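Residue numbers (the numbering used here), protein chains in the order written: chain A, 1 to 252; chain B, 253 to 737; chain C, 738 to 1177.
In this text, a Cβ means the ideal position worked out from N, Cα and C, and glycines have one as well.
Since the structure is predicted, the reported quantities are computational estimates derived from the model, not experimental observations.
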Amino acid sequence: MSKGLIVTDLRVSVEGKEILKGVSLVVEPGKVHAIMGPNGSGKSTLAHVISGRPGYTVTGGSVMFDGVDVLELEPEDRAALGIFLAFQYPVEIPGVTNTTFLKTALNAQRKARGEKELDPMGFLKVLREKAKALHLPDDMLKRPLNVGFSGGEKKRNEMLQMAVLTPKLAILDETDSGLDIDALRIVAEGVNAQRSPERSFLVITHYQRLLDYIVPDVVHVLAYGRIAETGGPDLARQLEKTGYADYTGSAA
Amino acid sequence: MTSTTETVDTVHDLTGTYKYGFVTDIEMDVLPVGLSEETVRFISARKKEPDWLLDWRLKALALWKNMEEPTWGKVSYPAIDYQGLSYYAAPKSKTDGPKSLDEVDPDLLDAYEKLGIPLKEQEILAGVVAVDAVFDSVSVATTYKAKLEEKGVIFCSFSEAVQRVPELIKTYLGSVVPQGDNYFACLNSAVFSDGSFVYVPKGVRCPMELSTYFRINAQNTGQFERTLIIVEEGGYVSYLEGCTAPQRDENQLHAAVVELIALGDAEIKYSTVQNWYPGDAEGKGGIYNFVTKRGVCRGKRSKISWTQVETGSAVTWKYPSCILQGDDSVGEFYSVAITNNAQQADTGTKMIHIGKNTRSTIVSKGIAAGRSDNTYRGLVRVLPGAEGARNYSQCDSLLIGDRCGAHTVPYIESRMPIATIEHEATTARISDDQLFLCRQRGLKPEEAVALIVNGFCKEVLQNLPMEFAVEAQKLVGISLEGSVG
Amino acid sequence: MTHLPMTPLLQDYAKISASLPGVHDSRVATLRAMAAESYRTQGLPHARVEAWRYTRLKDLETLPFSCAAALSDVSEPVEGAGLAGAVLRIVLVNGQYVESLSSQVDIPGLAVGCLREALDAGDDAVIQALDGGGADFAGAPLAALATAYMDDGVVVRVAEGVSVAPLVEVVALATVDVMPHLAFPRFLLLLGAGAEMTLVETFTGPAKGVYAVNAVTDLCMGEGARLNHYVLQAQGAEATHVSLGRCAVPAKAHYEGFVLQLGAKTARHEMRLKMQGVGGEAKLHGAYAVRGEATCDTTTVVDHIAEETITDQVFKGILDDKSHGIYQGRVHVHRNAQRINGNQLHKALLLSRSARVDCKPELEIYADDVKCSHGATVGELDDDQVFYLQARGIDVVTARALLLRAFLGEALDMISVDAVRTAFGAHATGWLDNARGVTS
Ligand SMILES: Nc1ncnc2c1ncn2[C@@H]1O[C@H](COP(=O)(O)OP(=O)(O)OP(=O)(O)O)[C@@H](O)[C@H]1O
Ligand SMILES: [Mg+2]
Chain A
1 MSKGLIVTDL RVSVEGKEIL KGVSLVVEPG KVHAIMGPNG SGKSTLAHVI
51 SGRPGYTVTG GSVMFDGVDV LELEPEDRAA LGIFLAFQYP VEIPGVTNTT
101 FLKTALNAQR KARGEKELDP MGFLKVLREK AKALHLPDDM LKRPLNVGFS
151 GGEKKRNEML QMAVLTPKLA ILDETDSGLD IDALRIVAEG VNAQRSPERS
201 FLVITHYQRL LDYIVPDVVH VLAYGRIAET GGPDLARQLE KTGYADYTGS
251 AA
Chain B
253 MTSTTETVDT VHDLTGTYKY GFVTDIEMDV LPVGLSEETV RFISARKKEP
303 DWLLDWRLKA LALWKNMEEP TWGKVSYPAI DYQGLSYYAA PKSKTDGPKS
353 LDEVDPDLLD AYEKLGIPLK EQEILAGVVA VDAVFDSVSV ATTYKAKLEE
403 KGVIFCSFSE AVQRVPELIK TYLGSVVPQG DNYFACLNSA VFSDGSFVYV
453 PKGVRCPMEL STYFRINAQN TGQFERTLII VEEGGYVSYL EGCTAPQRDE
503 NQLHAAVVEL IALGDAEIKY STVQNWYPGD AEGKGGIYNF VTKRGVCRGK
553 RSKISWTQVE TGSAVTWKYP SCILQGDDSV GEFYSVAITN NAQQADTGTK
603 MIHIGKNTRS TIVSKGIAAG RSDNTYRGLV RVLPGAEGAR NYSQCDSLLI
653 GDRCGAHTVP YIESRMPIAT IEHEATTARI SDDQLFLCRQ RGLKPEEAVA
703 LIVNGFCKEV LQNLPMEFAV EAQKLVGISL EGSVG
Chain C
738 MTHLPMTPLL QDYAKISASL PGVHDSRVAT LRAMAAESYR TQGLPHARVE
788 AWRYTRLKDL ETLPFSCAAA LSDVSEPVEG AGLAGAVLRI VLVNGQYVES
838 LSSQVDIPGL AVGCLREALD AGDDAVIQAL DGGGADFAGA PLAALATAYM
888 DDGVVVRVAE GVSVAPLVEV VALATVDVMP HLAFPRFLLL LGAGAEMTLV
938 ETFTGPAKGV YAVNAVTDLC MGEGARLNHY VLQAQGAEAT HVSLGRCAVP
988 AKAHYEGFVL QLGAKTARHE MRLKMQGVGG EAKLHGAYAV RGEATCDTTT
1038 VVDHIAEETI TDQVFKGILD DKSHGIYQGR VHVHRNAQRI NGNQLHKALL
1088 LSRSARVDCK PELEIYADDV KCSHGATVGE LDDDQVFYLQ ARGIDVVTAR
1138 ALLLRAFLGE ALDMISVDAV RTAFGAHATG WLDNARGVTS
């Protein structure tokens, strides 16, 4: 049984339009992979399909995580396996406080994994610590999830959720966009702090700047529904200069 | 036919009519079906009521005979055969009910489990045992009673109050909901079985929530409950009605009346969690809950606050209301109504502003799932003397699935220029994004819906006393089970 | 207990029904019979009819109105709403189309005809379009009565794709006779697919004298058509005015409506919109101002039948003296009508302690992917605002007038056709100049 994320020849369409046209990718435990690529190339689509968002039709290929075919699983079962998605556009839920939301989610995952529920006081302590590390004020924990949060606050709040839920695979979909310079560093530090031999990351971004902080092991270019190129950290730096002009729709 | 009903029939044949006080010593559990003057006389006699109360009931019956069942609600149900019902049942003897929890509907037990109701209490709710058989109820009751009586608070069954404080009953019964007020209230006035009575003297803050006590003592008050709460000047009481657990119940029609009287500077907080049997998924069975609840703020600066969480019953028809008579008095209505499967709810409030600077707030959250229909119907009326009156209403509906209906029907009537009325209503659904976010974080669809709906209802739920709020939150989830695929 | 409906006003029916137009057309005869029957069973509206909860037509109940066609000898030109610019005016006097008072029509693709002739000729398009394209009389006993007595009226046809440049104004003028008279102006618009026009309906009559008007307007829009539909109700102070407008909005069509009610002793204007084509859009706004002991009822019924339809409503009202204002608005989203937007707002100001307003916005929703809202406020002029203006040196009378005008202005500004906005604004200002709250 092979550990980590293995995407093989994944084909996905939305409303009859093919978006991913055979994507293959292997993220081993402990590794950080970055995905870059032009707008509309299918990066979010890939993230959504791995995490099980409804609305996509998988027409071919497979997604395995720690030896499990995740395409067969409900989103919550994938979450319990340890797959976490930081949303490009975080969602608001009025009336449900950040704390309640996180506690409910964490306990649901623990329950699904056959672990004991956390005691409320212990949970609060952990939550406060992690919020502090991300420079999120306490009152934000009491506010309804993402309601009235600024763009940057929402993104940092996604990172807080990641910190609390401690996933095995974290997919960060443009978590850096909308962040000011200080916040970017804070978020990156948060991610780096979580890097460990068991945990892998799939970091979707448009900017080299994030990758200066979170140095990836592998960089992929996703263009027109395919992985057009794969390389090391240098590839990202090179893209910063040249752009995506080399990757045209007719490639391959 | 049971032997008891035969006895009644025989007695009836021999004497022609029931005479006042005549049958009281006959042992019987259930009165034969049918509604007539005799039925009313029988009930009144069983309860050893004074003549004036019998007359009061008879007047109600006479009025009721000339009334029509209301049809304006957005509810439909098969015609009720009022002559086919039995109007009096003495507290159930042990032989009717299940002998042990093993004989109880597993769904019911499942619900208790989820709510975390203690086993002993489960047995009461399911009707396995009588209250006093389980709890050390004598001591519980006496501790409470002693504490209350020390403060001069009277809290007892309605029947007991008729004997103990007849003057108070005579003064206030029907003073807020007169006999002829509406069809169901009128029926209740003629045949009410029992209920609760609360009296809080001047300046007294009732030292405890009148809740736990109620839960273990006021079972089997029957289908025609009558509650009367009087709070004298400066007094305060918080009263909790009902129970978060579905109760085993054989009565299909419930027509209760609740009257609240708050004198100057007095405050009454009345919370209800109603989770009666809603019928099965196909809409068979279930309770018809046709309730009249009304409070009057009689003095200056008095306040009445209704909070309700309605998740049960097949049909709900209920409008807890406030008559804001005293200047500066305040009325509040906080409501969560959840309907699933084939349930129908037509519920809301009436705020009648009479006094100067009276204020009212309405917050209603309606959630419809399955094939249910959920209607908010509310009236805000500002009368010519109500200078400076203010009302704010917020009515939000949430639809879950595309086969249900959510409706909002506010009536706003103002005859006072120096008054402000604001009403807002919205309708929406749980977005796919919210649902996916929750599932991505590990929640099952049903848990996700429960979480999101609890958030939607938060403003209302947080008005419930703590111990109720927690159970009510769980109830929100339970009552929406099966609403998402 | 059953209540026999009150059905005065049918007394002329037996006598004249045989001479009404279209007697030989079985479709017209059937519709008429259904209408008469519907009125017979419904009768004049009473308090137990939910759709008429707040409005009684007292004069119609008590005074001996004649329903027979009343000819009149109006000869002086008819003013209408006072619209500036190019206006094509069509005049009805007591419900009868009077060609001599109406403008000459020579616009290609536009035809104006007389309803009586269309009925007698068995015109298919016209007959099919009557009464919402079916005997739609539920909750509309007076529309039923109007169809029972249906005699004359105007039919306007606009051919496919034609954009009518001048404003078309239909003036329904009433006169006062010795005997109180009930007129039935009826207007029918057949607007072809992709056609565009601006229609103004003006209801007016003598300032003094008792009369009644019971109008029915049916607007049939083709796909992708655009219609601006503005109604001015400026009846005399002793008049009873009842009008019902119906419009079905098909796919991609666009309807903009505005209703300004300023007159009559008792008035009820009801507009029913059926959003029955995907992508249809409607705006339905209005304002009313009432004084004396008058009653003014504005009712809207919006049915979202098709997916992806949008409606928006804003209504404003001012109530003075002992007047009574009513706004009822129902938004009904039918099963499977997904992706709907329906918004509604009603604001009323009470200027007097004896005035009264009743408001009943209503949402009835059977689909889940829907965003609907309504809001309602009732109150008085904001003292802070008055003071603010005074503090800037404006006297209290002027300040109040300004604020009231601005209050109605928020609704009036929704009228997208300049000439109409200006004319309606002038009528509203004219009313306000006489408002007690302003002059005292
Ligand atoms: N529900 C949908 N309906 C129609 N098209 C869709 C849908 N979801 C995604 N697409 C299309 O799929 C393509 C890929 O979208 P995706 O969001 O995956 O791009 P992306 O690489 O994340 O872009 P960006 O860098 O702008 O975030 C786009 O052309 C998008 O318009
Ligand atoms: Mg993206």
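- The beta carbon of B:T591 sits no closer than 8 angstroms to any beta carbon of chain C.
- At the C-beta level, A:P29 and A:S51 stay beyond 8 angstroms of one another.
- Proximity to ligand 2 was defined by a C-beta distance below 7 angstroms to any of its heavy atoms, and the residues meeting it, in sequence along the chain, are A:K43, A:S44, A:Q88, A:D173, A:E174, A:I204.
- In the assembly as shown, C:V1133 is an exposed residue. Its beta-carbon has fewer than 16 other beta-carbons within 10 Å.
- Going by DSSP, A:P120 is part of the alpha helix (DSSP H) stretching over 120-133.
- Cβ-Cβ distances below 7 angstroms link C:G946 to V913, G973, E975 in the same chain, with the five nearest sequence neighbours on each side left out; the list follows chain order.
- Counted as a single uninterrupted DSSP element, the stretch harbouring A:L20 is not any alpha helix (DSSP H) but the beta strand (DSSP E) occupying residues 17-27.
- Contact between the region 1053-1069 of chain C and the region 1077-1084 of chain C is present: 3 or more CB-CB pairs across the two stretches fall below 8 angstroms.
- Around B:D654, the beta-carbon contacts reaching into chain C at under 9 angstroms are R1072, N1073, Q1075, Y1103, A1104, D1105, D1106.
- Secondary structure note for C:E1147: its alpha helix (DSSP H) is the uninterrupted segment 1133-1149.
- Residues of chain A whose Cβ lies closer than 7 angstroms to the Cβ of B:Q686 are, in chain order, V91, I93.
- Against C:R1090, the close residues of chain B are P636, E639, R667, M668, P669, I670, in the order they occur along the chain (beta-carbon pairs closer than 9 angstroms).
- In the DSSP assignment, C:N951 forms a beta bridge with C:V979.
- With a threshold of 7 angstroms, the Cβ atom of A:S41 counts as near ligand 1, since some heavy atom of the ligand is closer than that.
- Our two residues, B:V728 and A:G95, have alpha carbons roughly 14 angstroms apart in a direct line.
- Taking 7 angstroms as the Cβ-Cβ cut-off, the region 1039-1067 of chain C has no residue approaching chain B.
- Taking the beta carbon of A:L169 as reference, no residue of chain B falls within 8 angstroms; the closest one sits roughly 12 angstroms away.
- The DSSP assignment places complete beta strand (DSSP E) segments of no fewer than 3 residues inside the region 866-925 of chain C at 891-895, 904-910, in order along the chain.
- Nearest Cα to B:T524 within the set B:I673, B:P717, B:E301, B:R309: B:P717.
- Within the chosen limit of 7 angstroms, ligand 1 reaches the beta carbon of A:E15 through at least one heavy atom.
- At least one beta carbon of chain A lies nearer than 8 angstroms to the beta carbon of B:G707.
- For the pair C:G832 and C:G890, the CB atoms are nearer than the 8 angstroms cut-off.
- Here DSSP, grouped into helix, strand and coil, assigns B:E676 to strand.
- In the structure shown, C:G1054 falls within a strand segment according to DSSP collapsed to helix, strand and coil.
- In the three-state reduction of the DSSP assignment, B:G426 falls in the coil class, being assigned neither a helical nor a strand state.
- Interface criterion met: the Cβ of B:V661 is under 8 angstroms from a Cβ in chain C.
- Nearest to C:R1009 by alpha-carbon distance, out of C:V1015, C:A1019, C:A1001, is C:A1019.
- Taking CB atoms only, A:S44 has no neighbour in chain B less than 8 angstroms away.
- At least one heavy atom of ligand 1 sits closer than 7 angstroms to the Cβ of A:G55.
- Within its own chain, the residues whose Cβ lies closer than 6 angstroms to the Cβ of B:S612, once the five positions on either side in sequence are excluded, are G583, M603, N643, listed in chain order.
- Close to chain B, meaning a Cβ-Cβ distance shorter than 9 angstroms, are the following residues of the region 151-179 of chain A: Q161, L165.
- When A:V215, A:V32, A:S41 are compared, the shortest CA-CA separation from A:L20 is found for A:S41.
- Under the criterion of beta carbons closer than 8 angstroms, B:I481 and B:L512 qualify as touching, at roughly 5 angstroms.
- Set against 7 angstroms, the gap from the CB of A:G243 to the closest heavy atom of ligand 1 is not smaller.
- For B:I614, not one C-beta of chain A is nearer than 8 angstroms to its own C-beta.
- In the structure shown, the three-state DSSP call for B:L337 is coil.
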